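Beneath this line is the structure, given in structure tokens, with notes to follow.
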Amino acid sequence: MSPEPGWARCLDAAFGPPLPGEYRAAPEDFLVDEELDFAPEGRGEHLWLRIEKREQTTLDVVRTLSRLCGVTPREVGYSGMKDRFAVTRQWLSVHLPGRDAPEMLETRLSALGIAVLEQGRHPRKLKRGVHRANRFALRVGGEAVDAESFSARWQALCEGGVPNYFGPQRFGAQGRNLQRARALLARGWRKRDDRQGMLLSSARSFLFNELLSARLTAGCWAMPLAGDTLMLDGTQSLFAVECVDAAIKRRAAELDLHPIGPLWGQGEGESRGEVESAAPARRFELRLEQAHPALCEGIERAGAKSAWRALRLRLGTPELTPLGSGARLEFSLPRGSFATAVLRELLAHGDFAPWPAA
């Protein structure tokens, strides 16, 4: 596996490394709108609020709603965590059985930089990960955007998909979350030391990125291999393929099917076997375990259950709009995917620079 975090990009072979560029110069340059497949029913114990926030985390809003509504933070629900240095829209819920929202709640939230866009009652709490996608509108600039190759790089991502890397925010400044995760897993993960599971998630995300980079370097990140499990685009439906025939190749080329990689956990290390005798897809997982045994074993001991994530993502309804200075990019991504995975293919930026050696 390649040293971290020099993770491979999919466009370098055709266009060379990206040129320097800028994004998120101001919060208004990074707009995120959470998309649900349903709306509040209009009745029930939970008050749902669709809010717009600026320069606040989702957990900041949770704490504010908790205080203003007189409930515990656990009684406030949300589906996804949204960036701080951005303008973001999302739904949250507050458990208010048998009582109305506090007086002037919208006004008090507005004074704190939180605008209420919609609201309604619903029988159930908003749970994590139920939103379908996030819609992004990003303003980018700099040498990379001014180059003639920029629109061609963008078109290549629209047609061929994007490596579904976890973004740098998952690992903290200069990878410090991962460093902390290594230390915690080495002495034994405990919930009280990682209450939000951020460090455990950082370690699993790192392993996924490592495997994706290895497959990208080998030229098989988007095209299925024998023994792969594939995910149907836009769903969590999975099926295994022992033989990659012409129909599978065609559907993969059309971005209808994507190979998947593991989010490491209990069950992933079973039936390890020898690398040379394993199915082509399985060899990458075995090499990952050989390269990072302490992380893999620590995650399994922590009790995390193995899960799966697509190696590639499709940009939903992508748009590129030239501006007087720079450009505006618009696209949707499935929940759990990062806009920074798209941007790192288009421009070089300090957020995507290698971490210092540990």
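Position 72 of the sequence shown, counted from 1, bears residue number 79 in my numbering, the numbering being contiguous throughout.
Quick reminder that beta carbons are idealized off the backbone N, C-alpha and C, glycines included.
None of these values were measured; they are calculated from a predicted model.
Along the chain, where does the alpha helix (DSSP H) containing residue i start, and where does it finish?
i, result
"threonine 236", "That residue, threonine 236, is in no alpha helix (DSSP H); its beta strand (DSSP E) goes 236 to 239."
"aspartate 153", "150 to 153"
"serine 313", "Element bounds for serine 313: n/a, residue is neither H nor E."
"proline 287", "287 to 298"
"aspartate 19", "19 to 22"
"arginine 96", "Counting along the chain, arginine 96 falls outside any alpha helix (DSSP H), though it belongs to the beta strand (DSSP E) covering 94 to 102."
"leucine 72", "65 to 76"
"arginine 187", "183 to 194"
"methionine 205", "205 to 224"
"threonine 114", "112 to 118"
Could you check the C-alpha separation between residue i and residue j for me, to the nearest Å?
i, j, result
"arginine 91", "glutamine 97", "13 Å"
"serine 158", "alanine 298", "37 Å"
"aspartate 252", "proline 27", "41 Å"
"proline 363", "glutamine 181", "7 Å"
"leucine 322", "glutamate 35", "21 Å"
"alanine 259", "arginine 70", "43 Å"
"alanine 6", "arginine 351", "Residue 6 cannot be examined here, being either before or after the span of the chain that is shown, 8 to 365."
"alanine 301", "glycine 331", "51 Å"
"arginine 81", "threonine 114", "23 Å"
"glycine 274", "glutamine 63", "37 Å"
So what does DSSP say about residue i, is it helix, strand or coil?
i, result
"glutamine 243", "coil"
"methionine 8", "Residue confidence is low: methionine 8 scores 40 on pLDDT, short of 50, so the model does not pin down where it sits. Its coordinate-derived value is still stated next. Here methionine 8 sits in coil by DSSP."
"tryptophan 7", "Lying outside 8 to 365, the shown extent of the chain, residue 7 is not represented and no answer is given."
"leucine 262", "coil"
"lysine 256", "helix"
"glutamate 249", "coil"
"glutamate 326", "strand"
"valine 169", "strand"
"alanine 346", "helix"
"tryptophan 14", "coil"
Here's the rule I'm using: 16 or more other beta-carbon atoms within 10 Å means buried, otherwise exposed. How should residue i be labelled?
i, result
"threonine 79", "exposed"
"phenylalanine 359", "buried"
"proline 12", "buried"
"alanine 74", "In the sequence as presented, alanine is not what sits at residue 74; that position holds arginine. Exposed: under 16 other Cβ atoms inside 10 Å."
"arginine 257", "exposed"
"alanine 254", "exposed"
"methionine 111", "exposed"
In terms of residue numbering, what span does the beta strand (DSSP E) encompassing residue i cover?
i, result
"alanine 374", "Past the boundaries of the shown model lies residue 374; the chain is included only from 8 to 365, so the question cannot be answered."
"aspartate 40", "37 to 42"
"glutamine 126", "121 to 129"
"valine 83", "83 to 85"
"arginine 61", "53 to 61"
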